[in-house]
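Residue numbers (the working numbering), protein chains in the order written: chain A, 33 to 138; chain B, 492 to 1224. Structure, as structure tokens:
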């Protein structure tokens, strides 16, 4: 389990467009990833890519958490709650970290 | 043979409620072969034609990679039902339509039940059912299963669909890369005509590309299937390499894209979503606020299963041991069998065994009621979110907290509650851990021995037992999840949060009664058989001075013989007297029996039975007993939220106390208190009772039942041994 993203206690920092943080983990090195925790409640993000084990990829695919899906963040902490095409889902930390997110403008 | 109608759809779409409405009372529940998943079957008829309906387990799609998903996909692949009724939640259209599209691709005759359409109306979600029907080429019926609306029409449409020709499979566009490779694959399939028996060629190939295990299995079974699988496997790698990601994801992406487009056509601009739901969800799944709510809910569940049902339990107990036994005795007297061993067998073996089954009926009824309410209301999914992280540390999912909690009341319903977990592995691991939660029946043993050896420190000793049980469960959970039950990849925690809704009385009632009955049938025989076996052991005399069959004292019975044979095994733990091992042996029957056995073995006082009353008295006793039990239950309901202190009667005679003390003194070589504590540790850790064993077999099969029994005995012995020998080394007691 990785530590929480740094300096999240600063309320104003969270309101910034988004918080970019390096994964620093082997094959993710090339990507600067956006974490769900850094996205404010009520904002929308888009899925860029899904990585991970067979079971996780399968579960995400059956639920429609696939590249291109636009997701509204209902709660950004702990197991996150997101809304995808009107369906509410709980996304555990491990799963949220296996998904590469990007912020949607507007 | 009447045509088979499969009811399919996502979890929480209202499938079971609709199934109940569709089939009415003609409804049976069993297990899917090889799975601990309920299989509901029923029948209905339309205009004189009979149909058989099967409720498939809820899944989000037809690609199956795990055991629990394979049930539905396997059924659709192998049985090719006459019509598939796809139940979709009108407030959750996208997931539903994604499912509908997959059934249509499989070329199955399909009727869509647009369920919960009343909620959608209230939320101003406009849905054009006609556009939906024409675009997907299926019949769409609006239903509100909870109120039974639209069921008649659904039945008519199903009947019409059953006699219509098989539709052409739906063809979706999977993009240039996939389509280019798919063409060649379909040709391979067509050159192996046997493949087409599994389903339409294009669909089969898509399933193989996505990695569906059921399609793979079906194709492998046909002649030349290996060739097809090889071609599909090669294409799979090639497509993944070209696209840069997993094929299943690619297929799902394109399917969802087209479903979303359809959704825009069918449904207008999305209605306003109530914000109160967001707020409630934030509180219920909050890491700090969610916990007290969750614990309060668990407290209610525990109290309902353990306390509220207790008056009925006492009533059943009193009726069986009182009037029913009297009547049996009177009957036997009428045929001049009174006073013979037959009377003993019937009353102490059979009738006591039946009672042993029946006492669990109120408990399980209470548990299944709470489970159905928690699941049907949508709270269970939130609870899983609250506890997930903490429980994952021990290798089990958040939902597993519920069975473990119920285990403090009674292990039998706790084992039954493991059914709420999603994967067989999670169910098994949780099932193996629940017996370590100290159940209510073990308390009297703690109280008795703590009264003998730890006067004034009663509650500390009892509390220590509960804590020790939890600690052992954590250790064993860690051990098993790191070794035998290690997962290559832990189950991902991603799930749909169902809508909150008022549980439907009909569904809950049907589920509760069916599950309770299934338990009585499944576990009842084992409990009854064990009861009769114990009676025989107690009746068979051994050696000289043993008396005759059915008239022997415990020491000289076969039971006493086994106790003496077992005793040396327990000697290293400090309790090697045959009375002690005998008490523990009867503890297999039920833990509270340990106390009565000790009383019986250590004292020579006769237990005289209450004189039998007249038949009328007995009936009156049963009737008034039931009324009292109902009243007591109602009175116990407010107490569910309160924290009553545990009511412990300590009326142990001093004669018994000193007899126990001297026995432990003898068996432990002067370390009586330490041996007493080790004895309690053993009582905490070994098999709770034969009903637990029966429940375990009912849920997990005979093999795992033995693993659990033997494993717990080993853990208990080791625990008691460590306490006794370790304590001696450290100079305690």
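We treat Cβ as the ideally placed atom computed from N, Cα and C, and that holds for glycine.
Distances from the alpha-carbon of residue 866 (chain B) to those of B:893, B:734, B:841 put B:893 closest.
DSSP lists no beta-bridge partner residue for residue 1117 (chain B). Interface flag for residue 1073 (chain B) against chain A is unset, since no Cβ pair is found closer than 8 Å. Positions of the alpha helix (DSSP H) runs, each at least 4 residues long and wholly inside the segment 995-1042 of chain B, are given as 996-1030 in order along the chain.
Separation of the CB atoms of residue 663 (chain B) and residue 596 (chain B) is rounded to 7 Å, and the pair is thereby assigned contact status at 8 Å. In the DSSP secondary-structure assignment, residue 544 (chain B) is bridged to B:496, B:533. The beta carbons of residue 676 (chain B) and residue 738 (chain B) sit no closer together than 8 Å. Within chain B, the residues placing a beta-carbon under 8 Å from that of residue 97 (chain A) are 985, ordered along the chain.
With contact defined as three or more Cβ pairs closer than 8 Å, the segment 99-114 of chain A and the segment 825-832 of chain B are not in contact. Within chain B, the residues whose beta carbon sits less than 8 Å from that of residue 92 (chain A) are 740, 983, 985, listed in sequence order. Taking 8 Å as the cut-off, the Cβ atoms of residue 1067 (chain B) and residue 1056 (chain B) do not count as close.
Cβ contact annotation for residue 600 (chain B) (same chain, cutoff 8 Å, sequence separation greater than five): 573, 574, 575, 652, 653, 655, 657, 658, in chain order.
Under the three-state reduction of DSSP output, residue 808 (chain B) falls in the helix class. Within the segment 680-721 of chain B, the runs of alpha helix (DSSP H) that reach at least 4 residues and sit entirely inside it are, in chain order, 692-701, 704-711. The DSSP assignment places 816-825, 832-835, 843-849 as complete runs of the alpha helix (DSSP H) inside the segment 809-857 of chain B, in order along the chain (cut-off: 4 residues). Nothing from the segment 1036-1048 of chain B brings a Cβ to less than 7 Å from some Cβ of chain A.
Annotation: the continuous alpha helix (DSSP H) that includes residue 1190 (chain B) extends over 1181-1191.
Annotation: the continuous beta strand (DSSP E) that includes residue 121 (chain A) extends over 119-123. Residue 1054 (chain B) sits in a helix when the DSSP states are folded into three classes.
Close to residue 100 (chain A), with beta-carbon spacing below 9 Å, are these residues of chain B in chain order: 744, 747, 748. Chain order gives the chain B residues near residue 123 (chain A) as 984, 985, where near means a beta carbon separation below 8 Å. By the Cβ rule, the segment 929-944 of chain B does not count as touching the segment 1211-1223 of chain B, because fewer than three pairs are nearer than 8 Å. With a threshold of 16 other beta carbon atoms within 10 Å, residue 1106 (chain B) falls short and is exposed.
Looking at the DSSP output, residue 105 (chain A) bridges to A:114. Between residue 1002 (chain B) and residue 863 (chain B), the beta carbon gap of about 5 Å places them in contact (Cβ cut-off 8 Å). The three-state reading of DSSP puts residue 601 (chain B) in strand, counting E and B together.
Out of B:1119, B:625, B:1148, B:741, the CA that lies nearest to the CA of residue 1091 (chain B) is found in B:1148. Going by DSSP, residue 766 (chain B) is part of the alpha helix (DSSP H) stretching over 766-775. In this structure residue 873 (chain B) is buried. Its beta-carbon is surrounded by 16 or more other beta-carbon atoms within 10 angstroms. If you look at residue 647 (chain B), you'll find it in the alpha helix (DSSP H) that goes 642-653.
Of all C-beta pairs linking the segment 833-848 of chain B to the segment 780-798 of chain B, fewer than three are shorter than 8 Å, placing the two stretches out of contact. For a Cβ distance threshold of 9 Å, residue set 769, 772, 773, 776, 777 of chain B lies close to residue 107 (chain A), ordered along the chain. Within chain A, no C-beta atom comes nearer than 9 Å to that of residue 930 (chain B); the closest sits roughly 31 Å away. Listed as beta-bridge partners of residue 758 (chain B) by DSSP are B:618. Straight-line measurement puts the Cα of residue 1165 (chain B) at about 8 Å from the Cα of residue 1214 (chain B). For residue 503 (chain B), there is no enclosing alpha helix (DSSP H), as DSSP marks it with neither H nor E.
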